[in-house]
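Written out below as structure tokens is the structure these notes cover.
Residue numbers (the numbering used here): 92 to 206.
Right, dumping it as structure tokens:
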């Protein structure tokens, strides 16, 4: 997620959630937020969690190392919430000439500026 946000040239921050803010199945969760200039606040655009062996135990997902059976640890991560990312690109890339398209998107857009 950090790599995507860096390529999109967006201001972001990463929050490590405390136990009370995580789902009961999660052992560790990080939320990624982009800054909304229009709303003057940070908006969650992605969440990445480690469920350790919780899901693996219920699904009976195991592996062996040196003949010893162990439970897998499972991870969950959303890439990016597209509406919030699009809004952040539009809000954070305004110039006198128009809206500057991040360099990583120019090959897909076919233009560098929305005027």
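Using N, Cα and C, we set each Cβ at its ideal position, and we do this for glycine too.
Residue from the options with nearest C-alpha to residue i
| i | options | result |
| --- | --- | --- |
| residue 168 | 138, 187, 179 | 138 |
| residue 188 | 206, 177, 197 | 206 |
| residue 136 | 160, 129, 193, 104 | 104 |
| residue 142 | 108, 181, 166, 198 | 166 |
| residue 106 | 115, 92, 99, 116 | 92 |
Residue i, enclosing alpha helix (DSSP H) - first and last residue
| i | result |
| --- | --- |
| residue 93 | 93 to 98 |
For residue j and residue i, believed in contact at Cβ under 8 Å, the rounded distance
| i | j | result |
| --- | --- | --- |
| residue 179 | residue 95 | Incorrect: roughly 12 Å between the Cβ atoms, too far for contact. |
| residue 153 | residue 161 | 6 Å |
Opposing strand residues paired with residue i [DSSP bridges]
| i | result |
| --- | --- |
| residue 105 | 123 |
| residue 166 | 141 |
Span of the beta strand (DSSP E) around residue i
| i | result |
| --- | --- |
| residue 141 | 132 to 143 |
| residue 160 | 159 to 162 |
| residue 155 | 153 to 156 |
Identify every run of the beta strand (DSSP E) within the region 168 to 192, keeping only runs that are complete inside it and at least 3 residues long; order them along the chain. 189 to 191
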